[in-house]
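Okay, structure first, notes after.
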Amino acid sequence: MKKGLILLLAMMMVVMAGCSNAGNKAEGGSTEASSGDVTKLTMWSMETRNKDIIEKSIKQFNDEHPNVELTAEFFEDEALKTKMKVAITGNQVPDIITYWSGETFDTLVSNSMLGDITEPLSKDEAFKNDVLNGGLETFSYDGKNYGIPVLFSGVSLWYNKQIFDENGLTPPTTYAELLSVVDQLNAKNIVPITVAGKDRWPVLHWFSYLAQRIGGMEPFEKAKKGEADFTQNSFVKAGEMLRELAVDHKGFINGFLGLDYAAAESLFTNGKAAMYLQGEWAMNSFLDGDFADKVGFVPFPTVDGGQGGINIYQGGFGAGMAISSKTNQEAAYEAIRFLTDSLQRKEINEGANISPMKNPGLDEAKMNPLAFAYDSSISSSLEGFFSYYDQALDAKRAEQFLNSVGAIVGQNSSSVKDELAKIK
């Protein structure tokens, strides 16, 4: 009996050792592993455009922290979303993740996949106080901090100043003015608006802005919490106005439902379309050559009688860095604290990004005039922000929303209300 017990215990120890080793070899290198005294950390990020700058910061971090070895993998947006779905299912979140705020981030927290960084942040008062208001709260859950913002994003209506000047047009500040500009451009065979209908979410920008300008932020918050549905009046009216713009007034380029992000953006940067609704990240494409001199921007137009002000932007603290709950908490926190510091992100923020810090230390002389003007405009006029609908909702409703909005601007003859009723 005693011999059998000893044998059983020995077998259990072997199995446990095997499980421990397996845990250190999680898919994608997403858990902490040690080699001697070196803690190895893997980071996943969607900041592909800033890869070289971030890798330079990582090298500096590794040089200054000889007991830590941080490496990063960079993915395009959709690829990272897909990879994260697999990681969440298998509970194999990487040591450090740069990810969007919203429902998926909250799911990671509620399932205990992310580490609580409240305590180390509380000891880092100067850094904590430098984050713009709302930044840390965006990545908080039940009063605890789980992430540090890396950027503030805002979606604006970009326009080609040359096209507008040559045709005597003024950038629209109201929906009625927008329709008028669209009609005048169409009359001269100029494409009014380019949009990536194939990717769907750029079309959702139009819908969500209209809904916010009509009803403010309360209707969406109610629908998000399940206290109401998406057939509320502000959403139905937004859908009808979007259909009016896209279909009745032919505001969007012909064939937009087949355009992906790159193709749609190139039409604007090549001067083939007069307007483009997109986030500040699009400036990375505008700054090439002399095109930046031709680009202007305005906030999304208001709707007469609506509740949403013109200085309320869709966006917010769109992405942040967080750490896995299973990794070396101290080493991983040190890494994200280092990488989110204004000094490390200075070069990024002087490019085409809006810093989430109050004192980013930007050098105007090193910045493109368009980027500096945009940053200055946002920081001086911003009165509030609302989330990207597809990121704020759970995956099921987000997908339904994207499909419904696509149907609204497509050739579908169903009513707007019927399409929105499918989101549940």
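Quick note on the UniProt record's numbering: the sequence shown kicks off at 1 and runs consecutively.
The beta carbon of each residue, even a glycine, is placed where N, CA and C say it ideally should be.
Coil, strand or helix - residue i by DSSP
i: V155; result: strand
i: residue 429; result: Lying outside 1 to 424, the shown extent of the chain, residue 429 is not represented and no answer is given.
i: S34; result: For S34, the predicted model reports a pLDDT of 46, less than 50, meaning its position is unreliable and no value from the coordinates is stated.
i: G416; result: Inspection of the sequence shows that residue 416 is occupied by Val rather than by Gly. Helix at V416.
i: M321; result: strand
i: V131; result: strand
i: P192; result: strand
i: T174; result: strand
i: A421; result: coil
i: G29; result: Caution applies to G29, whose pLDDT of 42 falls short of 50 and renders its modelled position unreliable; the value that the coordinates give is listed next. DSSP places G29 in helix when its eight states are reduced to three.
i: residue 425; result: With the chain covering 1 to 424 only, the question about residue 425 has no answer from this structure.
i: A407; result: helix
Spatially closest choice to residue i from the options, by CA coordinates
i: Q232; options: E137, V155, L420, D37; result: L420
i: M321; options: Q329, T340, F235, E240; result: T340
i: N403; options: A126, M46, P202; result: P202
i: F297; options: Q307, G308, G279; result: G279
i: K294; options: I348, V303, F164; result: F164
i: A407; options: I312, L204, P356, G305; result: L204
i: A332; options: F207, L114, G305, P301; result: L114
i: I323; options: I148, S110, E47; result: I148
i: T194; options: D260, Y374, F235, S381; result: D260
i: K237; options: L210, L257, G197, D37; result: L210
i: T173; options: Q162, K272, P301; result: P301
i: A246; options: K272, I190, A228, W206; result: W206
i: A262; options: Q329, G197, A292; result: G197
i: G271; options: E334, Q162, D106; result: Q162
i: D130; options: L343, A373, N167; result: L343
i: G318; options: K358, N284, G102, G410; result: G102
i: T89; options: L108, A228, S325; result: L108
i: G255; options: G239, D199, L179; result: D199
i: A292; options: S57, P369, W44, N145; result: P369
i: G134; options: E240, L242, E383, D418; result: E383
Beta-ladder partner(s) of residue i, from DSSP
i: V298; result: L157
i: L41; result: L70
i: G316; result: S153
i: Y141; result: K144
i: F385; result: Y313
i: A223; result: According to DSSP, which records beta bridges pairwise, A223 is partnered with nothing at all.
i: T98; result: M321
i: residue 509; result: Lying outside 1 to 424, the shown extent of the chain, residue 509 is not represented and no answer is given.
i: A395; result: Beta-bridge pairing links A395 to no other residue.
i: F252; result: I193
i: L185; result: Paired residues: none, contrary to the question.
Residue range of the unbroken alpha helix (DSSP H) whose run includes residue i
i: A228; result: Looking at the DSSP string, A228 is not in any alpha helix (DSSP H), and its letter there is neither H nor E.
i: I53; result: 51-64
i: P120; result: 118-122
i: Q354; result: Reading off the sequence shown, one finds Ile at residue 354, where the question assumed Gln. Neither: I354 is in no alpha helix (DSSP H) and is coded neither H nor E.
i: T340; result: Note, T340: premise wrong, no alpha helix (DSSP H); not H, not E.
i: P202; result: 201-215
i: A365; result: No alpha helix (DSSP H) holds A365; DSSP gives it neither H nor E.
i: T269; result: 261-269
i: E47; result: Here E47 belongs to no alpha helix (DSSP H), and DSSP marks it neither H nor E.
Cβ neighbours of residue i in the same chain (closer than 6 angstroms, five flanking residues each side left out)
i: E27; result: Reliability of the predicted coordinates at E27 is poor, the pLDDT of 41 falling under 50, and the value obtained from them is presented with this limitation in mind. Once the five neighbours on either side are set aside, the close Cβ partners of E27 are Q92.
i: N50; result: I348
i: K366; result: E350
i: G216; result: Q307, G308
i: D375; result: I354
i: S381; result: N311
i: V182; result: P192, H249, G251
i: I53; result: E347, I348
Cutoff 8 angstroms; reference residue i; Cβ partners in own chain excluding five residues on either side
i: F401; result: L204, F230, Y389, D390, L393, I423
i: W158; result: F268, M275, Y276, L277, Q278, A282, F286, V295, G296, F297
i: A126; result: none
Residues near residue i by beta carbon distance below 7 angstroms, same chain, minus five either side
i: N349; result: S355, P360, L362
i: S415; result: none
i: S387; result: G102, G316
Residue i at chain D interface by Cβ criterion, 8 angstroms
i: I312; result: The displayed structure is made up of one protein chain only, and chain D is not part of it.
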